[in-house]
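Worksheet: the structure to be examined is printed underneath.
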Amino acid sequence: MGALAQSGPAELSGAQLKMHVTELASDTYQGRRTGTEGADLARTYILGQVGDMAPCRENVLQPFSFDSRRSGESFEGKNIIGLYEGTEGNSDTIVLTAHFDHLGERNGQIFNGADDNASGTAVLIELSRFFHDVQPKHDIVIAFLDAEEMGLQGARHLVDSACLKDRRVLLNVNLDMVSRSQVSELYAVGTHHYPFLKPVLEGISTGEGLSVLFGHDLPGTGQDDWTMSSDHGPFHAAGIPFLYFGVEDHDGYHAPSDVAGDVTWDFFNVAANYILHSILAMDEQQWDTFAK
Ligand SMILES: [Zn+2]
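For the sequence shown, our numbering gives the first residue as 105, with consecutive numbering after it.
Below is the structure:
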C-alpha cells in the first residue's frame with residue numbers, strides 16, 4: 105500500500121502502546137537483561153507483534169558478542185533489524201532505534217523497565233506496523249536494540265554492520281524513556297549538533313498539553329549532556345545526525361519502581377504521536393538541500 109491508502113491524520117493507537125508496555129514490563133520478562141531468557145521472550149513478543157519485516161542485508165535477528173567493560177564477562181546479544189523500502193528507490197535511509205533490554209534482576213528484585221525502555225520499544229512496534237501500511241519516501245530501518253544497558257553494544261554493532269554499510273544514513277531517531285512525565289514534557293535532543301532539525305520539530309503541532317523541550321545536548325555540561333547517553337551515541341560518533349526523544353530522569357530511573365503502573369498514559373500517547381509526526385516530517389525533507 106502507498107501513502108494514498110491512508111485516510112485521516114496518521115495516528116498510533118494508545119491502546120496498543122499500553123498493551124505492549126504492560127506486557128514487556130510484566131514479571132514474565134524478568135527485566136529483559138541481555139543474554140537471559142527474559143530477553144529471548146521479549147524478542148519473541150516483538151517479532152510476533154511487528155509482523156513481516158524484510159531483513160536488511162543480514163537476518164532479521166542480528167547476533168553479536170562483546171565483553172563487559174566492567175567484569176570482562178562475555179555476552180551474546182541479538183538485535184532485531186527490519187527494513188521498509190522507500191518510494192525514492194535509492195538507499196538514503198532513516199534509522200529508527202529503541203532498546204528492549206533492561207537491567208534484569210538484582211538482589212531478588214525485578215527491574216521491570218516500563219519507561220526504560222518498554223515504552224520506546226512499544227512505539228517502535230507501532231511505527232513498524234505503520235510503515236508496513238504506509239510506504240515512506242526514504243528507506244526506513246527499524247532496529248530493536250539489545251545491550252544498551254551494557255554500554256550501547258547493540259547500537260555499536262548496528263552502526264558497523266553490513267545493513268548500514270552501503271547506505272547513506274540521513275538520520276537516527278532514537279527512543280528511550282518516552283512514557284513517564286507528570287509535567288507532560290518530552291525532550292528532543294540533538295538540535296545543538298544538528299540545528300537544521302529544529303525548525304521542522306517546531307513546526308509540528310504537539311496537541312493536548314504536550315511540551316517539547318530542546319536541550320540536554322550542550323558539550324561541557326557533564327551529566328546534563330545526553331549526547332552519548334543512549335543508542336544515538338554511536339551514530340553521532342560516526343558523524344550521523346541524530347534526534348533522541350526522552351523524558352527527564354524520574355524516581356523510577358534504573359529502579360525497581362519503573363513499572364507500568366507509573367506510566368503517565370495520556371502523556372505517552374501524545375508523545376508517541378508527536379514522535380510519529382516528527383519522523384514523517386523528516387521523511388518529507390529533501391535531504392540534499394536540508395541537512396547542513
Ligand atoms: Zn534506556
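Think of the CB as a built atom: it goes at the ideal place given N, C-alpha and C, for glycine as much as any other residue.
Output the distance between the C-alpha atoms of residue i and residue j, rounded to the nearest integer angstrom.
i	j	result
GLU177	SER265	23 Å
THR201	VAL238	19 Å
SER223	GLY356	13 Å
ALA146	LEU231	17 Å
HIS340	SER195	19 Å
THR225	PHE204	6 Å
ILE308	GLY212	44 Å
PRO167	LYS182	4 Å
VAL65	MET386	Because the chain here runs from 105 to 396, residue 65 falls outside it and cannot be looked at.
ASP321	THR140	33 Å
GLY106	HIS236	Note that GLY106 scores 46 on pLDDT, short of 50, meaning its location in the model is unreliable and no value can be drawn from it.
GLU388	GLY186	21 Å
GLU127	GLY324	39 Å
TRP391	GLN327	32 Å
LEU116	LYS122	11 Å
THR132	ASP280	21 Å
PHE170	ALA251	10 Å
ALA114	PHE179	40 Å
Measuring alpha carbon to alpha carbon, tell me which residue in the options is nearest residue i.
i	options	result
LEU380	LEU317, LEU322 and PRO240	PRO240
MET332	GLY139, ASP387, ARG136 and ALA259	ALA259
ASP335	GLU230, ASN278, PRO113 and ALA146	ASN278
ARG393	ASP243, ALA359, LEU301 and TYR357	Sequence inspection shows Thr at residue 393; the Arg mentioned does not correspond to that position. For THR393, the nearest C-alpha among the options comes from LEU301.
PHE234	ASN211, TRP369 and ILE383	ILE383
HIS297	PRO113, GLY319 and HIS124	GLY319
LEU314	ASP144, TYR378 and LEU207	TYR378
ILE244	ALA364, THR191 and ASN221	THR191
LEU228	LEU151, CYS267, VAL304 and PRO360	LEU151
SER175	PHE349, ARG137 and MET254	MET254
ALA129	PRO113, ASP219 and ALA114	ASP219
ARG137	ILE214, PRO338, ASP280 and THR325	ILE214
PRO159	LEU268, GLY311 and HIS124	LEU268
THR368	TYR291, VAL287 and PHE349	VAL287
TYR188	VAL154, GLU209 and ARG210	VAL154
LEU347	ALA359, VAL293, PRO299 and ASP328	VAL293
GLU352	GLU127, ALA247, TYR291 and HIS358	TYR291
LEU256	GLU306, GLY324, ILE185 and ARG173	ARG173
ALA342	THR310, ARG161, LYS396 and HIS261	HIS261
ALA440	GLN120, PRO299, GLY208 and ASN221	Since the displayed the chain opens at 105 and closes at 396, residue 440 lies outside it and no answer follows.
ALA247	GLU289, MET157, GLY208 and ASP329	MET157
Would you mind giving the Cβ-Cβ distance between residue i and residue j, rounded to the nearest angstrom? I have them listed as a contact below 8 Å.
i	j	result
THR197	HIS242	6 Å
PHE372	VAL282	7 Å
PRO345	LEU275	5 Å
ARG284	HIS354	6 Å
ASP362	ASN216	6 Å
GLU312	VAL263	GLU312 to VAL263, Cβ: 35 Å. No contact.
ALA376	VAL125	Not quite, the Cβ-Cβ distance comes to about 11 Å (not below 8 Å), so this is no contact.
GLN120	GLU209	Contact doesn't hold; Cβ gap of about 28 Å is too wide.
Where does residue i fall in DSSP's three states?
i	result
HIS203	strand
ASN484	This structure cannot settle anything about residue 484, because the visible part of the chain is limited to 105 through 396.
VAL367	coil
LYS396	coil
ALA385	helix
GLY212	coil
ARG260	helix
ILE344	coil
VAL287	coil
SER232	helix
TYR188	strand
ARG272	strand
GLU352	coil
PRO397	Residue 397 lies beyond the residue range present for the chain, which begins at 105 and ends at 396; the question has no answer from this structure.
Looking at the C-beta of residue i, does it have a partner C-beta in chain D at a distance below 8 Å?
i	result
LEU262	Given the protein chain composition of this structure (a single chain), no chain D is represented.
- Closer than 5 Å is what we want: which residues have a beta carbon that near any heavy atom of ligand 1? List them in chain order. ASP220, ASN221 and ASP280
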